[in-house]
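Protein chains: 2
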Amino acid sequence: MPDFSIGVDLGGTNLRIAAVSGEGKLLEKVTLGTKLALGRDHVIDEMCNAIQDLSHKYKATGNFLGAGIGLPGLIDLQAGMMRKAANLPGWENYPARAEIERRLGLPKNGARVVLENDARVAALGEQWLGAARGVENMAVLTLGTGIGGGIVLGGRIWHGMNGMAGEFGHVTVAPDGHLCGCGNRGCSEQYASASGLLRMAREAIAAGQAPSLAKAASSDPEFGAKSIYNLAVQGDEPARRIFQNFGRYLGLLLAGLVNVLNLEMYVIGGGASSAWDAFAPSMFEELRERSIVYGATAPPDPLKSGSSGSTTERKTIVTQAVLGSDAGLYGAARVSMLSG
Amino acid sequence: MPDFSIGVDLGGTNLRIAAVSGEGKLLEKVTLGTKLALGRDHVIDEMCNAIQDLSHKYKATGNFLGAGIGLPGLIDLQAGMMRKAANLPGWENYPARAEIERRLGLPKNGARVVLENDARVAALGEQWLGAARGVENMAVLTLGTGIGGGIVLGGRIWHGMNGMAGEFGHVTVAPDGHLCGCGNRGCSEQYASASGLLRMAREAIAAGQAPSLAKAASSDPEFGAKSIYNLAVQGDEPARRIFQNFGRYLGLLLAGLVNVLNLEMYVIGGGASSAWDAFAPSMFEELRERSIVYGATAPPDPLKSGSSGSTTERKTIVTQAVLGSDAGLYGAARVSMLSG
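Protein chains in written order, with the working numbering: chain A, 70 to 409; chain B, 70 to 409.
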């Protein structure tokens, strides 16, 4: 009779809802499209119906502990609202938590709704059930279109004063580098992200230095990070160099984090992390060169240390995420268990 | 009848011992030279005698809560030993805590000895009684010959896994920059420290771009950071430019910290921080440009916000330290109150 929570991952494309037991067992997962065009209230309706269906279904097996909802944007935790919601029209400064609780008839028996940033719940998910299971202090870098981040200290999300801690994507890694949407130059997400890969590929093509990339870009309508990766794996030098640069900038970012935080583990997730074998060697090289703390605490063979128990607890582990897009679902469920 | 602790600041030059009440009142301070030439055991003798004198003297007024000892180097907190002690010959891997406790007849009534890194205790001192009094989450950057650092979360030092958290001095701020002793290029302490100032001045002199600095350097046997500052204050352009660069690199370092940690306050201490008015404008400019989190949380007039209560608790404050070299003494006393 396990107690359970509902985790929700509300993205611009998919709305996913899962029932997860207190021990971290997935009971059931529902995937819906996010029908943004039908408006905020329609999306909330669909979400609440799915939460209600699942909570009714599993109520017989244990207590419903609450629902956690991962959202892309800046969350005001106290107010239960989004303060910035670039990809969710109508959610900014709208009392989402109160409205969702009203529809679900919560709070009830201690069960509540918690809103949380999507990168932060993904971090908590990897800490609870993923690559960092059993690790109390860790960070996740989610390499997607941009770079999302989350820091977990003592098994809980470290929010910082305004819920803004973990903005790894806007840490400067190239002081005179590429202009970022945030107004700064050389933000890490201009390099160590899927969009960074594409930009570097386009630059190499424009410079006439990458014939295979140029051919792929003109012939493949879905040319993207994956295409660059495929070429790199086939040994194409320009494509390999792009991933080496990607790894170097990621290594520089990590070096700063390791020097500042001295955490037990740094987990690399997001779509671009699947190119791990293409960027990890230069990432580790840069990290070792640039972090005095990593130099003192690196495992003997970091490329092999991730998943095994071969290193002691005092070593700094940098490794790939394992939960994929489910990290956010698990983390969202977890966050409602930790609250209150 | 205040309870009290003893704080010790053991540096390469001075050995200072203070009795501090639980409420943070300085009861008495003793300053001795650190007689390194007479050997480790002599230094420990002198330290223990001073601790004993002070603890006997104030025992009548309240309970002796313990002694905290701030040391320059890497501390193994569990073992009570120094692992790296570049400036204290003979202290590496020597069971200092056990030996000091033995001489003091501790533990007794819960009173113990705690060893702690000097930059970390300075951070705790500023948090307890200095610029960040009442602020639970903050960091201190100590700009001296190098850059020391400390992070305080929830009113306690954040050590990280190996006691290495807060190595701000080796965060890369210039990827192709000056070679650092740690092997990396462009570490922050190559720029935003007293030695960084001197190097930049020597470079400007060598390039023939700084006649006033050249004159001062050749005529003043004690030419140093203070001389550069004096010229900058007098309006000398090359000297002003050096402090602008200093501020820019410090701002870049801070921008990363603010993006990652989102703390309430960042306190700039150490000898070089007294040149605040010469570097703070460019530091804030860089910080605002390079930190998306600072951009969203900056007080309206950061140069005036430091000491006043004019900003709300949700603003990111960057300000000067106020305790000077006493921060470490207070912090060392505090650390023994928090332990156990």
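Don't be surprised by glycine CBs; every beta carbon is placed ideally from N, CA and C.
Ranking A:Leu330, A:Gly93 and A:Asn314 by CA distance to the CA of Leu407 (chain A) puts A:Gly93 first. For Glu195 (chain B), no Cβ of chain A is located within less than 8 Å of the residue's own Cβ. With a cutoff of 8 Å on beta-carbon distance, Met116 (chain B) and Leu157 (chain B) are scored as not near each other. Counting along the chain, Asn314 (chain B) sits inside the alpha helix (DSSP H) bounded by residues Glu306 to Leu330.
Using beta-carbon distances, Asn156 (chain A) does not count as an interface residue toward chain B, since no partner is under 8 Å.
Of all residues in the region 346-369 of chain B, the ones placed with a Cβ closer than 8 Å to any Cβ belonging to chain A are Glu358, Arg359, Ser360, Ile361, Val362, Gly364, Ala365 and Thr366, in chain order. The beta carbon of Gly219 (chain B) is closer than 6 Å to those of Ala188, Arg189, Ala192, Val209 and Gly235 in its chain, skipping five residues each way along the sequence. Straight-line spacing of the CA atoms in Leu267 (chain B) and Val112 (chain B) works out to 32 Å. The straight-line gap separating the alpha-carbon atoms of Gly325 (chain B) and Leu326 (chain A) is approximately 9 Å. Two segments are said to touch when three or more pairs of C-beta atoms, one from each, lie closer than 8 Å; by this definition the region 355-375 of chain B does not touch the region 161-177 of chain B.
Straight across, the Cα-Cα distance linking Glu272 (chain A) with Gly316 (chain A) is about 17 Å. Counting only runs of at least 4 residues, the region 270-297 of chain B fully encloses the following alpha helix (DSSP H) elements, listed from N- to C-terminal order: 280-288. Setting aside the 5 residues that flank it on each side, His228 (chain B) is surrounded in the same chain by Leu146, Arg189 and Ala234, each with a C-beta closer than 8 Å to its C-beta; the list follows chain order. The C-beta distance from Ala87 (chain B) to Phe133 (chain B) rounds to 13 Å, too long to fall under 8 Å, and the pair is not in contact.
Under the Cβ criterion of 8 Å, Glu185 (chain A) is not counted among the residues facing chain B. DSSP, reduced to helix, strand and coil, places Glu161 (chain B) within a strand of the structure shown. Apart from the 5 residues on each side of it in sequence, Met352 (chain B) sits with its Cβ closer than 6 Å to the Cβ of Gly316, Leu319 and Gly320 in its chain, given in chain order. Within chain B, not a single residue places a beta-carbon under 9 Å from that of Met269 (chain A); the smallest gap is close to 16 Å. Apart from sequence neighbours up to five positions away, the residues of its chain that approach Asn328 (chain B) with a beta-carbon distance below 6 Å are Ser360 and Val362, ordered along the chain. Among the residues of the region 209-243 of chain B, those with a Cβ less than 9 Å away from any Cβ of chain A are Gly218, Ile220, Leu222, Trp227, His228, Gly229, Met230, Asn231, Gly232, Met233, Ala234, Gly235, Glu236, Phe237, Gly238, His239, Val240, Thr241, Val242 and Ala243, in the order of the chain.
At least 8 Å separates the CB of Cys117 (chain B) from every CB of chain A. Around Leu79 (chain B), no beta-carbon contact reaches into chain A at under 8 Å, the shortest distance being about 23 Å. For Tyr127 (chain A), there is no enclosing beta strand (DSSP E); the residue is part of the alpha helix (DSSP H) that begins and ends at Arg109 to Lys128.
Close to Ala324 (chain A), with beta-carbon spacing below 9 Å, are these residues of chain B in chain order: His239, Val240, Thr241 and Asn253. Taking a beta-carbon distance threshold of 8 Å, Val329 (chain B) counts as an interface residue toward chain A. Out of A:Gly277, A:Lys284 and A:Phe348, the CA that lies nearest to the CA of Val302 (chain A) is found in A:Phe348. DSSP, reduced to helix, strand and coil, places Asn186 (chain A) within a strand of the structure shown. Straight across, the Cα-Cα distance linking Leu143 (chain B) with Glu185 (chain A) is about 37 Å. At least 8 Å separates the beta-carbon of Ala155 (chain B) from that of Ala263 (chain B). Distances from the alpha-carbon of Leu140 (chain B) to those of B:Val387, B:Val183, B:Arg383 and B:Gly252 put B:Val183 closest. Within the same chain, Ala191, Gly194, Glu195, Gly199, Gly338 and Ala390 come within 7 Å of Ala396 (chain A) by CB-CB distance, once the 5 residues on both sides are set aside. Taking a Cβ-Cβ threshold of 9 Å, the residues of chain A close to Glu333 (chain B) are Gly229 and Met230, in chain order.
Annotation: the continuous alpha helix (DSSP H) that includes Phe353 (chain A) extends over Trp345 to Arg359.
The beta-carbon of Arg383 (chain A) is placed less than 8 Å from the nearest beta-carbon of chain B.
About 6 Å separates the beta carbon of Tyr260 (chain B) from that of Val242 (chain B), a gap short enough to meet the 8 Å contact definition.
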